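Beneath this line is the structure, given in structure tokens, with notes to follow.
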Amino acid sequence: MDTALSLTTDMKIVLGLVSLTMLLFVFQRVRADLVALVVLVLLGLTGQVASEDVFNGFSSNAVISVIATMILGMGLDRTGALNRLAGWLLRRAHGVEQRLLLLTSAIAGLNSSFMQNPAAMALYLPVASRLASRTGMSLSQLLLPLGVAIVMGGSLTMVGTSPLILLNDLLVAANANLPSGVATLEPLNMFAPLPIGLALLATGLAYFHFFGNRQLREGNDSNVTPARTQSYFARVYGIEGDVYELTVTADSPLVGMTFGEAEALHDAPVLLALKSDNEAKLAPAADTRIWVGSVLGAMGTRQQVADFAQNQFLRMSTRLRNFGDLFNPARAGISEAVIPPTSKFIGKSANELQLRRQHGIRLLAVNRGKDEEVIRENVRDLPLRAGDMLVLHSFWQALSESSSRDFVVVTDFPKGEQRPHKFKIAMAIFAVTILIALSSRVPTSIALMTGVAGMLVCGVLKMDEAYSAINWKTVFLMACLIPLGWAMDSSGAAAWVAGHTIEQLPSGLPVWVIEIAVAILTTAFSLVISHVGATIVVVPLAINLALAAGGDPTAFALIVALSASNNFMTQSNPVLSMITGPAGYNPRELWRVGAPLSLTYTLVVVAMVNLLF
Numbered sequence: 004m005d006t007a008l009s010l011t012t013d014m015k016i017v018l019g020l021v022s023l024t025m026l027l028f029v030f031q032r033v034r035a036d037l038v039a040l041v042v043l044v045l046l047g048l049t050g051q052v053a054s055e056d057v058f059n060g061f062s063s064n065a066v067i068s069v070i071a072t073m074i075l076g077m078g079l080d081r082t083g084a085l086n087r088l089a090g091w092l093l094r095r096a097h098g099v100e101q102r103l104l105l106l107t108s109a110i111a112g113l114n115s116s117f118m119q120n121p122a123a124m125a126l127y128l129p130v131a132s133r134l135a136s137r138t139g140m141s142l143s144q145l146l147l148p149l150g151v152a153i154v155m156g157g158s159l160t161m162v163g164t165s166p167l168i169l170l171n172d173l174l175v176a177a178n179a180n181l182p183s184g185v186a187t188l189e190p191l192n193m194f195a196p197l198p199i200g201l202a203l204l205a206t207g208l209a210y211f212h213f214f215g216n217r218q219l220r221e222g223n224d225s226n227v228t229p230a231r232t233q234s235y236f237a238r239v240y241g242i243e244g245d246v247y248e249l250t251v252t253a254d255s256p257l258v259g260m261t262f263g264e265a266e267a268l269h270d271a272p273v274l275l276a277l278k279s280d281n282e283a284k285l286a287p288a289a290d291t292r293i294w295v296g297s298v299l300g301a302m303g304t305r306q307q308v309a310d311f312a313q314n315q316f317l318r319m320s321t322r323l324r325n326f327g328d329l330f331n332p333a334r335a336g337i338s339e340a341v342i343p344p345t346s347k348f349i350g351k352s353a354n355e356l357q358l359r360r361q362h363g364i365r366l367l368a369v370n371r372g373k374d375e376e377v378i379r380e381n382v383r384d385l386p387l388r389a390g391d392m393l394v395l396h397s398f399w400q401a402l403s404e405s406s407s408r409d410f411v412v413v414t415d416f417p418k419g420e421q422r423p424h425k426f427k428i429a430m431a432i433f434a435v436t437i438l439i440a441l442s443s444r445v446p447t448s449i450a451l452m453t454g455v456a457g458m459l460v461c462g463v464l465k466m467d468e469a470y471s472a473i474n475w476k477t478v479f480l481m482a483c484l485i486p487l488g489w490a491m492d493s494s495g496a497a498a499w500v501a502g503h504t505i506e507q508l509p510s511g512l513p514v515w516v517i518e519i520a521v522a523i524l525t526t527a528f529s530l531v532i533s534h535v536g537a538t539i540v541v542v543p544l545a546i547n548l549a550l551a552a553g554g555d556p557t558a559f560a561l562i563v564a565l566s567a568s569n570n571f572m573t574q575s576n577p578v579l580s581m582i583t584g585p586a587g588y589n590p591r592e593l594w595r596v597g598a599p600l601s602l603t604y605t606l607v608v609v610a611m612v613n614l615l616f
């Protein structure tokens with residue numbers, strides 16, 4: 004390869020645009036997606052990309068694949084798939100914290116191989132919160148290992164992260180500018196990085212099992228977040244425990260009682276649901292009768308519920324066979340609502356308002372007055388006042404439909420409609436989608452969009468929900484920056500930088516040393532211009548470096564795509580930015596735990612790529 008390539012005007016323009024992009028990203032005075040748009044327009048105005056190709060990034064396979072993975076992720080979320088997973092994890096862990104952490108992280112890592120990392124983290128945040136509140140583990144001990152596993156698990160497939168999704172498009176684009184005699188670069192198949200991803204995931208799990216988690220013991224996660232409502236209500240209102248099923252036997256004194264009378268018993272836990280005549284109801288009316296074979300949904304500590312079951316001759320079950328869907332956290336839960344001064348509820352009790360019969364809402368407690376007095380006894384007969392904070396249990400959908408000027412809900416809750424009855428359909432569609440992608444006869448983008456179409460046709464998602472699932476900022480950023488990568492290649496700027504870099508290096512330097520340098524450079528770029536920007540800028544450079552150094556261009560490009568996600572130290576990583584607040588991590592703690600992990604990540608990536616290529 005000719006390393007004495009002269010610097011042309013076109014190269015200067017492209018390198019100037021790359022420098023401008025990096026500066027604007029560093030100082031963050033202008034939004035990242037606006038920076039990308041400005042760069043795209045300048046590429047068109049300066050003629051670095053042909054006018055008919057300037058907007059081709061928006062129709063690229065990479066962008067379509069990213070859109071599809073976002074929509075598929077929401078489809079799985081709407082069916083409550085991961086909330087079912089939380090229950091399964093708790094049962095499998097058998098109360099052992101280390102086993103729970105290992106299991107949760109491993110499953111999250113495997114899940115992230117088929118969805119965007121931020122989407123996977125968003126789905127696992129409530130799962131982690133539920134696990135933390137039910138085991139006593141702190142969120143700081145759970146969230147960073149979980150986030151790391153999700154990032155590392157994204158490298159299991161070519162659709163797990165945006166850099167890997169971009170890689171095939173960049174490899175194909177590079178073929179147009181390869182020197183004569185160089186073999187054409189082939190796109191990588193869906194599971195090409197699987198061995199590397201497995202090694203990375205195992206490394207992340209081992210790191211926290213033996214070392215990293217000890218560094219997080221001091222983490223402070225006392226601040227209340229929407230995801231931690233269960234522990235919050237336990238601390239503030241004394242409402243705690245899990246939900247159990249109590250089956251009424253023929254000997255039970257509850258037979259013939261009304262639901263309201265059963266609730267009023269002095270040793271009763273919080274009764275939330277009733278199944279009678281094969282109909283399960285959340286917040287049933289107080290005058291609903293209890294008969295032999297009826298099943299009660301009770302919330303309280305295990306000992307309290309067990310004592311109540313023994314005294315009332317009830318069969319207790321920890322598994323929710325009858326109320327699994329009713330108590331799915333994606334469908335129902337506890338919330339807080341304030342009574343405003345203009346409310347029609349003022350002066351009336353919950354019984355008078357018929358909250359359960361009319362709205363399907365159960366009043367659990369009232370927080371009243373300057374001294375924050377918590378009232379739980381006979382709360383249904385308590386006349387409400389302006390400023391009262393009501394603690395409610397209900398379906399989220401019922402809460403959304405009922406909230407009005409009479410009470411204002413202050414708890415964040417899932418506003419979208421949940422469809423657990425579509426769970427099997429969604430999983431079947433997802434499985435078929437992956438099989439189509441594995442066939443390699445159809446481009447990954449088409450395979451993923453087939454799954455999207457299936458979920459929309461079968462009612463797992465509505466069209467408006469699919470639109471809302473798309474993070475347009477991410478899509479715009481990627482689509483606008485892709486032509487910058489093309490310009491780096493076609494102008495010869497990447498080849499010029501690569502040639503001059505090789506000239507400065509000592510002769511006879513092993514290829515693996517250059518690969519480590521490329522990996523570290525990519526990681527540094529990703530801290531500045533995002534993982535998408537780093538991939539687009541460095542892949543053309545890495546391919547030309549490989550050609551100059553006698554290495555494998557595909558291997559170098561894959562190292563770049565994997566290293567672009569190697570950021571466990573700063574909040575510029577979208578996954579870390581989501582967990583820093585809930586877990587209370589500070590920058591020093593992230594660097595202390597993340598820096599050794601990033602170095603290990605680089606060594607594993609380079610070693611595994613060399614084994615494979």
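One gets our numbering by counting positions in the sequence shown from 1 and adding 3 to each. Ideal Cβ positions, reconstructed from N, Cα and C, are used throughout, including at glycine. Since the model is a prediction, treat every value here as computed from it, not as a measurement.
**Item:** Straight-line Cα distance separating N331 from G2
**Value:** Past the boundaries of the shown model lies residue 2; the chain is included only from 4 to 616, so the question cannot be answered.
**Message:** Here's a check: name, in chain order, each residue in its chain whose Cβ is nearer than 7 Å to the Cβ of G150, leaving out the five neighbours to either side.
**Reply:** M124, V578, L579 and I582
**Prompt:** Hey, quick one: how far does the beta strand (DSSP E) through N370 stretch, first residue to last?
**Reply:** In the DSSP annotation of this structure, the continuous segment of the beta strand (DSSP E) that includes N370 starts and ends at I364 to R371.
**Prompt:** With DSSP run on the structure shown, which of helix, strand or coil describes H424?
**Reply:** helix
**Helix, strand or coil at R34 according to DSSP, with G and I counted as helix** = coil
**Prompt:** According to the neighbour-count rule (16 or more other Cβ atoms, all chains shown, within 10 Å of its Cβ), is Q507 buried or exposed?
**Reply:** exposed
**Asked** Helix, strand or coil for S9 per DSSP?
**Response** coil
**E221 burial status per 10 Å Cβ neighbour count (16 or more: buried)** = Only weak support is given to the placement of E221: the predicted model assigns it a pLDDT of 44, under 50, and the question is left unresolved by the model.
**Request:** From the DSSP output, in three-state form, read off V377 for me.
**Result:** strand
**Residues of its chain near K351, where Cβ-Cβ distance is below 8 Å and the 5 sequence neighbours each way are ignored** = P386 and L387
**Message:** Just to confirm before moving on: does the CB-CB distance between V295 and A253 stay below 7 Å?
**Reply:** yes
**Prompt:** Beta-carbon separation of V463 and K427 under 7 Å?
**Reply:** no
**Request:** State whether the segment 546-558 contacts the segment 500-514, with contact taken as three or more CB pairs (one from each stretch) at a distance under 8 Å.
**Result:** yes
**Asked** When we look at the beta-carbon of Y604 and count the other beta-carbons within 10 Å, is it buried (16 or more) or exposed?
**Response** Buried is the call here.
**Asked** Where L593 and M481 are concerned, what is the direct C-alpha to C-alpha distance, given to the nearest angstrom?
**Response** 27 Å
**Proximal residues to S384 (C-beta, below 7 Å), its chain only, five neighbours per side dropped** = The identity of residue 384 in the sequence shown is Asp, whereas the question assumes Ser. Result list for D384: S352 and N354, in chain order.
**Item:** E189 - DSSP class collapsed to helix/strand/coil
**Value:** coil
**Prompt:** How many Å lie between L329 and G336 at the Cα?
**Reply:** 9 Å
**Asked** The alpha helix (DSSP H) with H503 in it runs from where to where?
**Response** A496 to Q507
**Prompt:** When burial is assigned at 16 or more other CB atoms within 10 Å of the CB, is N618 buried or exposed?
**Reply:** In the structure displayed, the chain extends from 4 to 616; residue 618 sits before or after that span and is not available.
**Asked** Beta-carbon separation of I342 and F410 under 7 Å?
**Response** Yes, these two residues count as a Cβ contact at 7 Å.
**Buried/exposed call for R334, threshold 16 Cβ in 10 Å** = Buried, by the Cβ-count rule.
**Request:** Output yes or no for whether 7 Å exceeds the beta carbon distance between M1 and V273.
**Result:** In this structure the chain extends from 4 to 616, so residue 1 is not present and cannot be described.
**Message:** Less than 7 Å between the C-beta atoms of A490 and V99, yes or no?
**Reply:** no
**Request:** Grab me the residues of G244's own chain with a C-beta within less than 6 Å of its C-beta, minus the 5 sequence neighbours each way, in chain order.
**Result:** M302, G303 and T304
**Request:** Could you pull out every residue in the same chain whose Cβ sits closer than 7 Å to the Cβ of M25, ignoring the five residues on either side in sequence?
**Result:** V531 and I532
**Request:** With distances taken Cα to Cα, identify the nearest neighbour of K284 among Q315, S165 and H362.
**Result:** Taking only the C-alpha atoms, the option nearest K284 is H362.
**Prompt:** Between the C-alpha atoms of R292 and D270, what's the straight-line distance to the nearest angstrom?
**Reply:** 19 Å
**Per-residue DSSP class, three states only, for L615** = helix
**Request:** Specify the secondary structure class of I349 as computed by DSSP and reduced to three states.
**Result:** Of the three classes helix, strand and coil, the one that applies to I349 here is coil, per DSSP.
**Item:** Inter-residue spacing [alpha-carbon to alpha-carbon] between V38 and G536
**Value:** V38 and G536: Cα-Cα distance of roughly 11 Å.
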